[in-house]
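Input: a single structure, listed below in C-alpha cells.
There are 2 protein chains.
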Amino acid sequence: MASNAAEPRTEESLDPRVARSRAAIMDATAALLIEGGFAHVTIERVAERSGVAKTTIYRHWTSRSRLIFDAFRNLLAPAAMRDDHPAWAEDDVREGLVHLLRGLIRGLTESAWAPAVSTLVDAGDRDPEMRQLIHDFLIDAMAGARILIASARERGDLAATVDPGVAIDMLVGPVFYRRLVSREPLGPEFAEQVVDQFVAGALTPRPPLPTSRERGS
Amino acid sequence: MASNAAEPRTEESLDPRVARSRAAIMDATAALLIEGGFAHVTIERVAERSGVAKTTIYRHWTSRSRLIFDAFRNLLAPAAMRDDHPAWAEDDVREGLVHLLRGLIRGLTESAWAPAVSTLVDAGDRDPEMRQLIHDFLIDAMAGARILIASARERGDLAATVDPGVAIDMLVGPVFYRRLVSREPLGPEFAEQVVDQFVAGALTPRPPLPTSRERGS
DNA sequence: TAGTTGCGCTACGATACCGTAGCGTAGCGT
DNA sequence: ACGCTACGCTACGGTATCGTAGCGCAACTA
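The following block contains the structure:
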C-alpha cells in the first residue's frame, strides 16, 4: 500500500499543534478500542484520555464512526505479516510458509492491535467501510503467501491440484480459528504443525513428510 | 427468580405466564442481537419488541449481561453441526468429513444465529462466561469430527502422524476464516475443497487423490 | 369469595453521551 | 504590536438507558 486512503505526508506538513492533537487522539482511541472494544470508545473518553478537548476532536472528525475507522486504520498500518525478510520466495516452500505463519501468529497474539482483532472482525461484519478496510489489509498481508505458493506451484514444488486460494485459507484459517474461536494455545510451533500437515499433502508425489530437498526443475 | 441459568425442564413446569414472558424476551433479545449486535441490545428495546413490560424483564434477569448471555445460550442450543445423521462414522473418511463441514458451513451462513457469530466471537474475547459458553459449544459441535478422525486413525485410514487437534483446526479453521475474516464466498463446495486438500496429505500412503475405495479392514 | 402470583403501565432519579456554542488565550508569522 | 489559527474550557439542550417504585388488574387456587 502506498498511501492508506488519506495523506500520510500531509500529516507532517500540518501545524504542529494539529499534528500533536491528532496523534494524541488516535492513540487514545486505539487504546480504548483495544481495552474495551467498539462500544467502549466514546468521544468524551477519548478526550479525557488524550488530554485533548472534546471540541478539538470534533474539529477533526465529523463522527464517532470516522474516528474509530481511522484509529483502526492506523492500528493496522504497521501490521501485516510481510516485511520479515523478502528472500524466502526462492527457498524451501515449507520454511517459507512456516516463516509467514509465525509472523501471523505473532501479529495475532503479541502485536499492539492483537486485543482488538475480534472487535475488528465484528465491526467488519456490519460496516461496509470496515469490511473494505479489512479486505485491503488482507490483500496486503497475504501477498507474501500468495507469491510463495504461486511460485512454488510453477516450480513444481506444489501439486497443480492445489488451489492457491484454498491453500491460503487452509494455512491461515487454523491460526485465526485458534485465536478467535477455539482459543486454544497459539504459539510459534503451531505454524510448523499446520504447514507440515498441509505440505504433507500439498507436495506433489512425496510420500511421507521428510524435507523436500531433492528436486531439480 | 429461582433459576435462570439451567433447567430446560423447569421451563415447562412454570406458570404459563412466566414461560410466555421468558420466551418472548429471549426471542426479542436474540433478534436484536442478530440484527445489531451486542450494543444494540437494550432492555427497553427488548421490552418494546417482545411486548413484555420492562419491569417484567428485571423480574427474571438481574442484569443486561445475563440476559444477553442467556439469549446466546438459547441461540446456540439447537445448533452444533451434529445430528445430521449419526451413521457416518464407519463410512468413508472423506465423505464423513465433507458432510460435517457442510453442516458447519450451513450453520455459519444460513442458520438463525449466523448473523450473530462475529458478535459472539467478540463477546467471547472479553467475557469469561461467554468464553466458557463458546468452549462448551465447540466441544459439543466438534464431537462428531473428533470421533470420526480418531476412529479413522485407529482404522488406519489416516496417518498416525496426524494430530487430531491440529486436524480439526485445519478442517474447521478455513471455514471460520472465510466466514469471519476474508468473507469470500462460502458455499457447500468449499467443504469438498478443504477436505480434499486435507485428505490428500492425511490419507496414509495414497499418492494423488482418487477415491479411497479399495480398503478392506 | 378471598388470597396469591405475575404482569402491565406510568413515573422517576441518575447517568452517560452526543454535538454545539461562546469565550479567552498561547504561539507564530509579518 | 497585530492578527490569525488551533486549542482548552465551561456550559448547554437533548437523548437514550438504566434500574426501581407504586398501583391496579387478571387469572388461577383454596
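If you read the sequences in order, they're chains A and B. Numbering-wise, my numbering puts 378 at position 91 of the first sequence, and it's gapless, one number per residue. Numbering-wise, my numbering puts 307 at position 20 of the second sequence, and it's gapless, one number per residue. Just so you know, even glycine gets a beta-carbon here, dropped at the ideal spot from N, CA and C.
Roughly how far, in whole angstroms, is the beta-carbon of residue i from the beta-carbon of residue j, given that I think they are within contact range, below 8 angstroms?
i	j	result
P461/A	G431/B	Incorrect: roughly 18 angstroms between the Cβ atoms, too far for contact.
L387/A	A317/A	No, L387/A and A317/A are not in contact; Cβ-Cβ is about 25 angstroms, not under 8 angstroms.
I321/B	S337/B	Actually they do not touch by this definition, with Cβ atoms about 14 angstroms apart.
P472/B	R389/B	The pair is not a contact, with the Cβ atoms about 15 angstroms apart (cut-off 8 angstroms).
G324/A	R413/B	7 angstroms
S405/B	V408/A	5 angstroms
L319/A	R307/A	Contact flag wrong, Cβ pair sits at about 19 angstroms.
L435/B	V380/B	7 angstroms
Q480/A	V453/B	5 angstroms
G411/B	I426/B	Not quite, the Cβ-Cβ distance comes to about 14 angstroms (not below 8 angstroms), so this is no contact.
V449/A	Q484/B	7 angstroms
Is residue i close to chain B, meaning its C-beta is less than 8 angstroms from at least one C-beta of that chain?
i	result
M417/A	no
P451/A	no
S398/A	no
V385/A	no
S308/A	no
D379/A	no
T316/A	no
A326/A	yes
V333/A	no
G394/A	no
G460/A	yes
R470/A	yes
T498/A	Per-residue confidence for T498/A stands at a pLDDT of 44, beneath the threshold of 50, marking its modelled position as unreliable; the derived number appears in the next sentence. Not an interface residue.
D302/A	no
Helix, strand or coil for residue i per DSSP?
i	result
L384/B	helix
L301/A	coil
D427/A	helix
F485/B	helix
T528/A	No statement about residue 528/A is possible, as the shown extent of chain A runs from 288 to 504 and does not include it.
V333/A	helix
L467/A	helix
P461/A	helix
T316/A	helix
P475/A	coil
A242/A	Look at the range of chain A in this structure, 288 to 504, and you will see that residue 242/A is not part of it.
V453/A	helix
D379/B	coil
S350/B	coil
G390/A	helix
G323/B	helix
I355/A	helix
Against chain A, with Cβ distances strictly below 8 angstroms, would residue i count as a contact?
i	result
F463/B	yes
L228/B	This structure leaves residue 228/B out entirely; chain B is present only between 288 and 504.
D412/B	yes
L425/B	yes
D444/B	no
T406/B	yes
G474/B	no
M313/B	no
V481/B	yes
D409/B	yes
Q484/B	yes
D357/B	no
Could you check if residue i belongs to the surroundings of the ligand ADP, using beta carbon to heavy atom distance under 7 angstroms?
i	result
T343/B	As for the ligand ADP, it is missing from this structure, which has no ligand bound.
4 or more residues per run - each alpha helix (DSSP H) lying fully within the stretch 395-427 of chain A: Qualifying alpha helix (DSSP H) stretches, in chain order: 404-413.
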